[in-house]
Amino acid sequence: MTQEPLIYARDLVKKFGDFTAVNGIDLEVAPGEAFGFLGPNGAGKSSTMRMIGCVSTPTSGELRILGMDPVRDGSRIRGRLGVCPQLDNLDPDLTVFENLTTYARYFGIPRSEGRRRAAELLEFVQLTEKADGKVEPLSGGMKRRLTIARAMVNEPDLVLLDEPTTGLDPQARHLLWERLFRLKQAGTTLVLTTHYMDEAEQLCDRLVVMDGGKIVAEGSPRHLIDTYSTKEVVELRFGSDTPASYVDKLEGIGDRLDPLPDRLLLYSADGEGAVSEVHRRGYTPSSVLVRRSTLEDVFLILTGRTLVD
Amino acid sequence: MAGTLAILERHLTIYKRNWYASVFSSFILPVLFVISIGIGVGSYVGTVDGWEYLSYIVPGVLASGAFQTAIGESTFPVLGDFKWSRAYHAMRATPLRIKDMIFGWQLYIQIRVFIASVIFLVVSAIFGAVHSPWVVVTPLICALVALATAAPVSAFSAGLENDSYFALLFRFIVIPSTLFAGVFFPVTQLPLLVRPLAYASPLWHAVELCRAAMLGTPPPWPVAVHVGYLIVLAVGGLYWADRAYSKRLKD
Ligand SMILES: Nc1ncnc2c1ncn2[C@@H]1O[C@H](COP(=O)(O)OP(=O)(O)OP(=O)(O)O)[C@@H](O)[C@H]1O
Ligand SMILES: [Mg+2]
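So the sequence lines, in the order shown, correspond to chains A and B. Per the working numbering, the first sequence starts with residue 123, numbered consecutively. Per the working numbering, the second sequence starts with residue 500, numbered consecutively.
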């Protein structure tokens, strides 16, 4: 079956004056997919999302959303998108319920249908009892959930979520993930950006790693880990010694050594074997942790930097 | 059109909750004004251009009310919806067009001005300040001056990063306009040099048109010139607003 991609980009560029925020990226997102942009601050994730959301005009390159041209058909495309921007822009002068019904009117949805959907969506994001309250007193997690509910009010074909859980406590994040997972199960196409590996691993079928406006790797979380990292990673700490001073001494153990300010990462298919080898060479780290490789490691290997500062 | 009305609906939903906040400035203040100046001060002033003072100033206060509402609603609320609530950014992510955002807000201001004008006219009629059937066109004049003022001022507000320019706007344009644009005394009493400033103000044209309509006398300049000037400001203001809103909302 050949389905037209919901998002199609070729050599997409966004410049702000002389500064290039997005530097020639190619994308294809299929219907029903959960697709992620992973990258550090300033990677160009939001700039890309805003072009996809048809609120920012590409500087050059080709972009088609839902098979249409964002410049010519922006209004029609936006009518079929649900957008959760990086910064909440809920209406502080309206109640929680009115935020949804008013937004529904922006999409030309009849009033009674808007009220029906608003009630249903508040139920879905567990904010029913806040319906008649103002937005301001809501917690960060509640505001985020309301923004996501608002993004669903037009029953969108494509939902764009820019850092849906940044700044939330673990409990609030898990609740949001669970709701997003349900959307995904229901067949909604999700595109999200995140700094968080666990978020990308939980929600994304496929993701791209962005750095400095470019895509540096692409694939499923599993595929990225298998391709760029080893099966296991050993984290070694050496008390007050600088980890970098051990790079020469441990040379040859595992596939790769990465000294971080506080610890040394040793990539190996066999973590326990590597630890034995460290001991055999006569070194005794103050702490040893053998763990499975994560997207965090992939990111470090690809860019030489950690993802969350 | 549907988009414009959806935005108007948002503004009215908020107004329905906060309407009492503007009752004093929109309705009570102008009426108190007529009573105190028209009747109190008026007895010292005597007549102006052959009219007792109350009849002379009522058309001016009517136009000035429309002007003030237009200014008030196109300064802080517009900047606030761009900068603080980011309501316009939220609208931008929907099928709404920038023209809908501009027209929706102007329509809202028109409704506010219309209600205030009609209430004020009723009170003026009770005080015997209406002298011509042409009074029925005054709500149209108020609508026109409101648009001629609110459109360019909204455009100005849409381009701002903070509210410090509003103090200048109020000090150097709004207050002088209210005092010297013919509301309280004829512009011909101003020194020749500053008169052009009054002529440049949309308020002066509206004051003279309202006065002509309520007293049944011809305005100082041809009606077409007064109306034409306001239309030019309104159309130019809408065009400028389109530019300013687009600049702010596109990337
Ligand atoms: N409107 C703008 N004008 C000028 N520069 C901009 C603008 N928007 C973004 N940038 C710059 O473009 C770069 C990419 O920004 P973008 O917001 O896309 O990054 P991001 O990956 O979303 O980062 P974060 O994780 O911090 O949200 C940054 O260096 C940013 O300063
Ligand atoms: Mg961002």
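A virtual CB, placed ideally from N, CA and C, is assigned to each residue, including glycine. Model, not experiment: these values are computed from the prediction.
Are the beta-carbon atoms of residue i and residue j separated by less than 8 Å?
i                      : j                      : result
residue 332 of chain A : residue 166 of chain A : yes
residue 564 of chain B : residue 616 of chain B : yes
residue 129 of chain A : residue 160 of chain A : no
residue 649 of chain B : residue 745 of chain B : no
residue 507 of chain B : residue 607 of chain B : yes
residue 566 of chain B : residue 702 of chain B : yes
residue 223 of chain A : residue 240 of chain A : yes
residue 346 of chain A : residue 388 of chain A : no
residue 179 of chain A : residue 750 of chain B : yes
residue 363 of chain A : residue 156 of chain A : no
residue 612 of chain B : residue 569 of chain B : yes
residue 335 of chain A : residue 145 of chain A : yes
residue 623 of chain B : residue 557 of chain B : yes
residue 337 of chain A : residue 174 of chain A : no
Between residue i and ligand 1, is the CB less than 7 Å from at least one heavy atom?
i                      : result
residue 750 of chain B : yes
residue 164 of chain A : yes
residue 336 of chain A : no
residue 182 of chain A : no
residue 143 of chain A : yes
residue 138 of chain A : yes
residue 658 of chain B : no
residue 175 of chain A : no
residue 161 of chain A : yes
Of the residues the options, which one's Cα is nearest the Cα of residue i?
i                      : options                       : result
residue 257 of chain A : A:297, A:212, A:246 and A:296 : A:212
residue 323 of chain A : A:305, A:234, A:357 and A:299 : A:299
residue 531 of chain B : B:687, B:574 and B:561        : B:561
residue 658 of chain B : B:546, B:579 and B:555        : B:579
residue 747 of chain B : B:694, B:702, B:586 and B:621 : B:586
residue 715 of chain B : B:693, B:667 and B:636        : B:636
residue 307 of chain A : A:133, A:143, A:153 and A:147 : A:153
residue 687 of chain B : B:614, B:584, B:517 and B:547 : B:547
residue 571 of chain B : B:655, B:557 and B:684        : B:655
residue 289 of chain A : A:274, A:245, A:138 and A:210 : A:210
residue 620 of chain B : B:722, B:696 and B:554        : B:554
residue 231 of chain A : A:275, A:267 and A:193        : A:275
residue 198 of chain A : B:577, B:558, B:594 and B:610 : B:594
residue 683 of chain B : B:674, B:666, B:696 and B:559 : B:559
residue 583 of chain B : B:660, B:517 and B:705        : B:660
With DSSP run on the structure shown, which of helix, strand or coil describes residue i?
i                      : result
residue 348 of chain A : helix
residue 123 of chain A : Bear in mind that the predicted position of residue 123 of chain A carries a pLDDT of just 45, short of 50, making it too unreliable to give a figure here.
residue 371 of chain A : coil
residue 518 of chain B : coil
residue 603 of chain B : helix
residue 130 of chain A : strand
residue 138 of chain A : strand
residue 315 of chain A : strand
residue 343 of chain A : helix
residue 419 of chain A : helix
residue 472 of chain A : With chain A covering 123 to 431 only, the question about residue 472 of chain A has no answer from this structure.
residue 661 of chain B : coil
residue 187 of chain A : strand
residue 503 of chain B : helix
residue 149 of chain A : strand
residue 381 of chain A : strand
residue 580 of chain B : helix
residue 173 of chain A : helix
Less than 7 Å between the CB of residue i and some heavy atom of ligand 2, yes or no?
i                      : result
residue 284 of chain A : yes
residue 315 of chain A : yes
residue 390 of chain A : no
residue 208 of chain A : yes
residue 178 of chain A : no
residue 168 of chain A : yes
**Asked** Between the segment 638–651 of chain B and the segment 701–716 of chain B, do at least 3 Cβ pairs fall closer than 8 Å?
**Response** Contact between the segment 638–651 of chain B and the segment 701–716 of chain B is present: three or more C-beta pairs spanning the two stretches fall below 8 Å.
**Request:** Taking 8 Å as the threshold, find out whether the segment 410–422 of chain A comes into contact with the segment 345–359 of chain A through three or more Cβ pairs.
**Result:** Proximity of the segment 410–422 of chain A to the segment 345–359 of chain A meets the contact definition, three or more beta-carbon pairs being nearer than 8 Å.
**Prompt:** Any chance the segment 368–380 of chain A sits against the segment 395–411 of chain A, with 3 or more Cβ pairs inside 8 Å?
**Reply:** Yes: at least three Cβ pairs fall under 8 Å.
**Asked** Should the segment 162–182 of chain A be regarded as contacting the segment 282–292 of chain A, the criterion being three or more beta carbon pairs within less than 8 Å?
**Response** Cβ pair count under 8 Å is three or more, so yes.
**Validate contact between the segment 581–599 of chain B and the segment 516–529 of chain B using beta carbons, cut 8 Å, 3 pairs** = Output reads no: the segment 516–529 of chain B does not touch the segment 581–599 of chain B.
**Sufficient close CB pairs (3 or more, under 8 Å) joining the segment 271–280 of chain A to the segment 198–205 of chain A** = Yes, since at least three Cβ pairs between the segment 271–280 of chain A and the segment 198–205 of chain A fall closer than 8 Å, the two stretches touch.
**Request:** Answer yes if the segment 176–196 of chain A comes into contact with the segment 260–276 of chain A, meaning at least three C-beta pairs across the two stretches below 8 Å, and no otherwise.
**Result:** The segment 260–276 of chain A makes no contact with the segment 176–196 of chain A, as fewer than three CB pairs between them are under 8 Å.
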